[in-house]
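Asker: Mind having a look at this structure? Questions to follow.
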Amino acid sequence: MRSIPSALVPCGRAATAIPEMMSLGMVDRGARISRRGDFRAVPLLPGNERRAEEMGFEVVMEDAHEIERRTPQEIIADRLSGLPPEIKELLPWKWEFVGDIAIIRMDRACDPCKDLIGRVYADVLGVSTVCVDRGGVAGEFRRPDVEVIHGDRTESVRLENGILYAMDVAEVMFASGNVAERRRMGEMDCKGETVVDMFAGIGYFTLPIAKYSGAERVIACEKNPDSYRFLLRNIELNGVGDRVIPVHGDNRDLVGEHLADRVIMGYVQRTSDFLPKAISLLRAGGIVHYHDTFYVHEHRERIARALDKACGPVPYEILEIREVKSFAPLISHYVAEVRIG
Ligand SMILES: C[S@@+](CC[C@H](N)C(=O)[O-])C[C@H]1O[C@@H](n2cnc3c(N)ncnc32)[C@H](O)[C@@H]1O
């Protein structure tokens with residue numbers, strides 16, 4: 018057995034520090050996290066020793082348990098080789114991580130074996146919880162349909178583009194497909210701007226804008242109390258409390274007119290209903306980021322039609338249309354950046 022550097026994380030800090038270290042890509046997921054008295058010995062990938070010490074952990078050499086050279090998919094296939102063939106062929110081969118939680122999509126036909134599947138995925142992927150995403154998000158609050166098949170902790174922290182997103186994956190949605198758009202929000206130059214995020218969620222767009230774009234203030238409105246709780250926590254976690262004004266409630270009740278240089282409408286499927294409110298919030302010449310889903314072949318006409326209806330005699334100019342992600346066969350999620358007035 019070979020030795021690898023391992024960070025000694027006090028058990029009391031393990032629940033927050035280990036997911037953070039995983040998100041930062043410091044942890045060698047091919048080796049086991051073991052117990053050492055009141056500490057967890059977290060195996061480190063090469064080059065992370067100093068970083069672990071800077072986080073306040075002693076780094077020691079530990080025996081590496083069960084280092085695997087095969088891919089996780091190969092190990093899972095091997096460990097579950099005894100399952101009936103009709104179940105094996107439905108096993109998921111990709112997953113998302115939110116800290117030390119893995120989220121998979123799995124056919125219901127696998128349900129009779131879900132305990133074993135959950136245990137094996139948790140073990141191989143080195144996570145404490147495995148959740149099955151049963152089918153996207155539902156309703157106005159975009160609540161996810163998630164079933165825990167291993168472990169019990171559904172709250173964790175995801176690190177993405179230098180932003181920490183704390184969330185409970187069983188309570189609030191996280192659209193992994195929107196990653197490029199979240200990154201783009203941080204790359205915009207919004208120096209001195211007032212930005213309104215009408216559908217802030219846990220801070221998907223608010224946080225990169227507040228942290229990186231130079232915006233003077235971001236008014237982040239969210240109606241779902243569970244998402245709002247995490248929005249408050251994420252504002253604090255990311256140190257942007259001086260720039261973000263969180264508002265709990267329906268964005269149609271936001272007070273004031275012509276106050277924003279930019280309005281973000283990160284919501285799909287009913288977004289055009291909210292365009293009149295977005296336009297009333299904008300200063301003349303301000304920009305709205307209008308998200309929605311459209312059939313691929315007609316998205317330009319549909320976007321123009323929604324804007325014609327909402328703007329009336331007010332002129333507008335479509336600056337850019339981007340495809341955020343594919344949504345369903347022949348349907349994509351688009352965002353149009355539009356200058357109004
Ligand atoms: C689809 S999520 C945000 C998705 C996000 N843009 C992303 O990249 O993943 C939309 C959020 O808008 C909130 N919401 C829906 N209607 C609202 C309203 N009228 N006012 C404020 N928030 C609302 C929902 O609760 C949900 O958290």
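Start counting the sequence shown at 18; every next residue gets the next number (this note's numbering). Just so you know, even glycine gets a beta-carbon here, dropped at the ideal spot from N, CA and C. Since this is a predicted model, take the numbers as computed values, not measurements.
Compute the Euclidean distance between the alpha carbons of His82 and Arg175, then round it to the nearest angstrom.
Answerer: Cα-Cα distance, rounded: 26 Å.
Asker: Note the first and the last residue of the continuous alpha helix (DSSP H) segment covering Cys207.
Answerer: No alpha helix (DSSP H) holds Cys207; DSSP gives it neither H nor E.
Asker: According to DSSP, what are the bridge partners of Glu337?
Answerer: According to DSSP, which records beta bridges pairwise, Glu337 is partnered with Glu354.
Asker: Return helix, strand or coil for His82, following the three-state DSSP convention.
Answerer: Coil, per DSSP.
Asker: What residue range does the alpha helix (DSSP H) around Ser244 cover?
Answerer: Per DSSP, Ser244 belongs to the alpha helix (DSSP H) from 242-254.
Asker: Of the choices Ser289, Lys131, Val257, Ile21, whose alpha-carbon is the least far from that of Arg234?
Answerer: Of the candidates Ser289, Lys131, Val257, Ile21, the one whose C-alpha sits nearest the C-alpha of Arg234 is Val257.
Asker: Consider the C-beta atom of Phe247 and the heavy atoms of ligand 1; say whether any pair is separated by less than 6 Å.
Answerer: No, the Cβ of Phe247 stays beyond 6 Å of every heavy atom of ligand 1.
Asker: For ligand 1, is there any heavy atom lying closer than 6 Å to the beta carbon of Gly283?
Answerer: Within the cutoff, so yes.
Asker: Looking at the unbroken alpha helix (DSSP H) that takes in Tyr138, where does it start and where does it end?
Answerer: Per DSSP, Tyr138 belongs to the alpha helix (DSSP H) from 131-142.
Asker: Leaving aside the five residues before and after Asn178 along the sequence, list all residues of the same chain whose C-beta is less than 7 Å from its C-beta, in chain order.
Answerer: Cβ within range, chain order: Arg199, Arg200, Gly203, Pro225.
Asker: Hey, is Ala192 close to ligand 1, as in C-beta under 6 Å from one of its heavy atoms?
Answerer: Yes.
Asker: For Glu188, which three-state DSSP category applies?
Answerer: Correct three-state label for Glu188: coil.
Asker: State yes or no: is the C-beta of Val147 within less than 7 Å of the C-beta of Ile166?
Answerer: In contact: Val147 and Ile166 (Cβ atoms closer than 7 Å).
Asker: If you check the beta carbons only, do Asp117 and Glu188 fall under 7 Å apart?
Answerer: Contact flag unset, no.
Asker: Return yes when at least one heavy atom of ligand 1 lies under 6 Å from the C-beta of Gly273, else no.
Answerer: No, since every heavy atom of ligand 1 falls outside the 6 Å radius drawn around the Cβ of Gly273.
Asker: Does DSSP classify Thr310 as helix, strand or coil?
Answerer: Three-state result, Thr310: strand.
Asker: Drop a sphere of 10 angstroms on the beta-carbon of Ile50, count the other beta-carbons inside from all chains shown, and report buried for 16 or more, exposed for fewer.
Answerer: Counting Cβ neighbours within 10 Å, Ile50 comes out buried, since at least 16 surround it.
Asker: Ile348 to Glu315, Cα distance in whole Å?
Answerer: One C-alpha to the other measures close to 10 Å.
Asker: Go ahead and pull the three-state DSSP assignment for Gly152.
Answerer: Note: Gly152 maps to strand in three-state DSSP.
Asker: Please determine, among Val144, Asp162, Ala192, the residue with the shortest C-alpha to C-alpha distance to Ser173.
Answerer: When each option's Cα is compared against that of Ser173, the closest is Val144.
Asker: If we call anything under 7 Å between Cβ atoms a contact, is Ala31 one with Arg57?
Answerer: Yes, Cβ-Cβ distance for Ala31 and Arg57 is below 7 Å.
Asker: Could you give the uninterrupted runs of the alpha helix (DSSP H) lying entirely in the region 52-122, keeping only those of 4 residues or more?
Answerer: As far as the region 52-122 is concerned, its whole alpha helix (DSSP H) runs of at least 4 residues are 66-71, 89-96, 102-105.
Asker: Span of the alpha helix (DSSP H) holding Ile296?
Answerer: Where Ile296 is concerned, the enclosing alpha helix (DSSP H) stretches over 292-298.
Asker: Which class does Gly194 belong to by DSSP, given the choice of helix, strand or coil?
Answerer: Gly194: helix per DSSP, three-state reduction.
Asker: Check each candidate in Phe222, Lys105, Asp45, Val213 and name the one with the smallest Cα separation from Ser193.
Answerer: Checking every option, the nearest Cα to that of Ser193 belongs to Phe222.
Asker: Decide if His275 is buried, meaning its Cβ has at least 16 other Cβ atoms within 10 Å, or exposed.
Answerer: With fewer than 16 other Cβ atoms within 10 Å, it is exposed.
Asker: Just to confirm before moving on: does the CB-CB distance between Ala301 and Gly209 stay below 7 Å?
Answerer: Not in contact: Ala301 and Gly209 (Cβ atoms no closer than 7 Å).
Asker: Would you report the Cα separation of Ser20 and Leu142, rounded to the nearest angstrom?
Answerer: Going from the Cα of Ser20 to the Cα of Leu142 covers about 21 Å.
Asker: Using only the alpha-carbon positions, how far apart do Val212 and Gly273 sit?
Answerer: If I take the Cα positions, the gap works out to 13 Å.
Asker: To the nearest angstrom, report how far apart Ile262 and Tyr245 are at their CA atoms.
Answerer: Cα to Cα, the separation comes out at about 12 Å.
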